[in-house]
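Whatever position you read off the sequence shown (first residue = 1), add 23 for our numbering.
A virtual CB, placed ideally from N, CA and C, is assigned to each residue, including glycine.
Single-structure report; data block below.
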Amino acid sequence: MTTTEEEYDTALESVEVVDAELVDDDAPGAGAVAVPDPVAAVLAALDTDAKDHLNRIRPKKTRDGYARDWEVWREFHGWLAAKTGALLPLSSVTVGTFVSFVAYLDQVVMAPPNTIERRITGVTSEARSRGYTVPKEATEAARRALKPLKLDEGRMRRGRGKAAAIAPADLRTMAEAPLERQPEPTARRRRVFRVPELARLRDQALNSLKLAVAGRNEEMSMLDDGHVQVVDEGLKVHVPSVKGRPPRDVPVTYGENRATCPVRCWRAWQEAKLAAGAEPSGPAFLSVDQWGHLGSTRLSPDGVGRVLARCAKYAGLTGRRITGHSARRGLVTTGIKKGKRVDKLRRQGGWSANSPVFWEYVDEGAMFEDAPTEGIGF
């Protein structure tokens, strides 16, 4: 049977129609250009914007610290390349590279264990922000390699050590120290330094309130006058949110001594500050220069920490490392010794329920409570 040209064309058209019905509409044909999925594009753009936003709202000090951690990670890769002859990409965060990184920081850089721990956190965060994968087993392996280093006293002495706790008795020593400071024997300028009265009032209010609320340096820096409410019982303090931590409202009662009572010190500082021309409802703690002139800028977090350390030094409280963190440790250790409830101490300072640091302070405060050697016949 002979097929005419017309019948052939008709048969061909029917085949094309059948084939067309079997082809997936979403699959591009040969030579066709794939059309981008608008939903996927929007989701990808939102992910990028979210990463940028989270990085922007991260505190500058944290961003700078993580950036430095990444530079140390880069330096490690250079050292590793010189040793092995192969330059690995910075994205290679594996069990092997992370454990080697810990060994490098410990044996080559001679970094203290606490610094190594922070480097691990910083590199992990920076790597993920750059889109690199950081396996959970890599960070776990690095921390396992770090654990015995933290038990080595020699390695722990490489760092500055933990901040010592301060107690109200220490605040009284600071408050009662003379206003005139004699120059140190090694000082190049042999002049007597006098602490201005306005600065003394600010320091007393800052140090006593910091201990009372177990305030972090950043929290005390961000405190405004409106956050501190005077009530019949003392003060109701709204500690603002910093670094993503939730805010908290805490009570502060009157103290036994005028020089260290956080309520009376706060009121004295407020009166002096307003008399010096400060704006009402502004920052709680302002800068004061060496001549006693009140500044208009908020005391920085580092400035808050320096106030406590400087007052301790002037009062002769040497031999202990007193920093801005000493007040947080001091409230817990002193409170435990005085029989205060653990849950109230934890809420006062804004610690999480499973904070290992908080429970370390609790154990320190309760060390001599029902001690094993007490009353056994010594």
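When you compare each of the options to residue i by their alpha carbons, which one comes out closest?
{"i": "Ser-349", "options": "Ala-332, Lys-363, Ala-90", "result": "Ala-332"}
{"i": "Val-273", "options": "Gly-257, Thr-283, Gly-267", "result": "Gly-257"}
{"i": "Leu-172", "options": "Arg-329, Trp-102, Thr-138", "result": "Thr-138"}
{"i": "Pro-201", "options": "Ser-264, Arg-183, Arg-223, Ala-134", "result": "Arg-223"}
{"i": "Trp-292", "options": "Leu-110, Phe-308, Gly-278", "result": "Phe-308"}
{"i": "Leu-246", "options": "Gly-347, Val-355, Leu-317, Leu-322", "result": "Leu-322"}
{"i": "Ser-217", "options": "Cys-334, Val-146, Arg-287", "result": "Correcting the residue identity first, residue 217 is Arg in this sequence and not Ser. Comparing Cα-Cα distances from Arg-217 to each of Cys-334, Val-146, Arg-287, the minimum goes to Cys-334."}
{"i": "Asp-426", "options": "Arg-287, His-261, Lys-170", "result": "Only positions 24 to 401 of the chain appear in this structure, which leaves residue 426 out of reach."}
{"i": "Asp-193", "options": "Leu-174, Arg-178, Ser-231", "result": "Ser-231"}
{"i": "Ala-299", "options": "Arg-329, Gly-318, Pro-285", "result": "Gly-318"}
{"i": "Thr-117", "options": "Ala-161, Val-131, Val-132", "result": "Ala-161"}
{"i": "Pro-135", "options": "Ala-301, Gly-88, Asn-377, Gly-184", "result": "Gly-184"}
{"i": "Ala-235", "options": "Leu-368, Val-131, Gly-108", "result": "Leu-368"}
{"i": "Glu-279", "options": "Asn-240, Met-179, Arg-195", "result": "Arg-195"}
{"i": "His-100", "options": "Ala-126, Glu-163, Arg-352, Leu-77", "result": "Ala-126"}
{"i": "Gly-249", "options": "Asn-240, Pro-303, Val-275", "result": "Pro-303"}
{"i": "Val-131", "options": "Asp-70, Val-95, Tyr-155", "result": "Val-95"}
{"i": "Val-365", "options": "Arg-344, Asp-87, Glu-387, Gly-347", "result": "Glu-387"}
{"i": "Gly-432", "options": "Arg-79, Ser-244, Lys-74, Lys-361", "result": "In the structure as shown, the chain begins at 24 and stops at 401. Residue 432 is therefore absent and cannot be evaluated."}
{"i": "Thr-147", "options": "Asp-92, Ala-68, Glu-98", "result": "Asp-92"}
{"i": "Asn-240", "options": "Thr-156, Asp-72, Arg-352", "result": "Arg-352"}
{"i": "Gln-371", "options": "Val-385, Arg-329, Arg-271", "result": "Arg-271"}
Name the two residues that bound the continuous alpha helix (DSSP H) containing residue i.
{"i": "Leu-322", "result": "Leu-322 -> no alpha helix (DSSP H), and no H or E assigned at all."}
{"i": "Thr-85", "result": "83-107"}
{"i": "Lys-367", "result": "365-372"}
{"i": "Val-355", "result": "349-360"}
Tell me whether residue i sits in a helix, a strand or coil according to DSSP, three-state version.
{"i": "Glu-44", "result": "Since pLDDT at Glu-44 reaches only 39, below the 50 mark, its modelled position is unreliable, and no value is offered."}
{"i": "Ser-304", "result": "coil"}
{"i": "Pro-379", "result": "helix"}
{"i": "His-76", "result": "helix"}
{"i": "Asp-49", "result": "For Asp-49, the predicted structure reports a pLDDT of 48, less than 50, and the residue's modelled location is therefore unreliable. A value from the coordinates is still provided. Three-state result, Asp-49: coil."}
{"i": "Thr-25", "result": "Low local confidence applies: a pLDDT of 47 at Thr-25 is under 50, so the model's placement there is unreliable, and no value is given."}
{"i": "Phe-391", "result": "coil"}
{"i": "Val-312", "result": "The sequence as given places Asp at residue 312; Val does not occur at that position. Correct three-state label for Asp-312: coil."}
{"i": "Arg-217", "result": "strand"}
{"i": "Leu-66", "result": "helix"}
{"i": "Glu-203", "result": "strand"}
{"i": "Asp-247", "result": "strand"}
{"i": "Leu-297", "result": "helix"}
{"i": "Gly-238", "result": "coil"}
{"i": "Leu-110", "result": "coil"}
{"i": "Leu-340", "result": "coil"}
Check for me: the beta strand (DSSP E) holding residue i runs from which residue to which?
{"i": "Gln-252", "result": "251-254"}
{"i": "Thr-276", "result": "271-276"}
{"i": "Leu-258", "result": "257-262"}
So residue i and residue j are supposed to be a Cβ contact under 8 Å. How far apart are they, rounded?
{"i": "Trp-221", "j": "Ala-105", "result": "Per the sequence presented here, residue 221 reads as Leu, with Trp not at that position. Their Cβ separation, rounded to whole angstroms, is 56 Å, which puts Leu-221 and Ala-105 out of contact at 8 Å."}
{"i": "Val-265", "j": "Val-251", "result": "With 8 Å as the limit, Val-265 and Val-251 do not qualify as a contact, their Cβ atoms being about 16 Å apart."}
{"i": "Pro-191", "j": "Trp-314", "result": "Rounded, the Cβ-Cβ distance is 31 Å, inconsistent with contact."}
{"i": "His-110", "j": "Ser-123", "result": "Here residue 110 turns out to be Leu, not His, going by the sequence shown. Rounded, the Cβ-Cβ distance is 14 Å, inconsistent with contact."}
{"i": "Phe-121", "j": "Ala-165", "result": "4 Å"}
{"i": "Ala-435", "j": "Leu-354", "result": "Only positions 24 to 401 of the chain appear in this structure, which leaves residue 435 out of reach."}
{"i": "Ala-198", "j": "Ile-345", "result": "Actually they are not in contact, since the Cβ atoms of Ala-198 and Ile-345 sit about 15 Å apart, beyond 8 Å."}
{"i": "Val-385", "j": "Ile-359", "result": "6 Å"}
Regarding residue i and the ligand SAM, is the C-beta to nearest heavy atom distance less than 8 Å?
{"i": "Leu-246", "result": "With respect to small molecules bound, the structure shown includes none, and the ligand SAM cannot be examined in it."}
Of all the CB atoms in chain B, is at least one closer than 9 Å to the CB of residue i?
{"i": "Lys-106", "result": "Absence of chain B from the displayed structure is noted, only one protein chain being present."}
Quiz item: Unbroken beta strand (DSSP E) runs of length 3 or more, entirely within the stretch 117-201: which are they?
Solution: As far as the stretch 117-201 is concerned, it has no whole beta strand (DSSP E) run of at least 3 residues.
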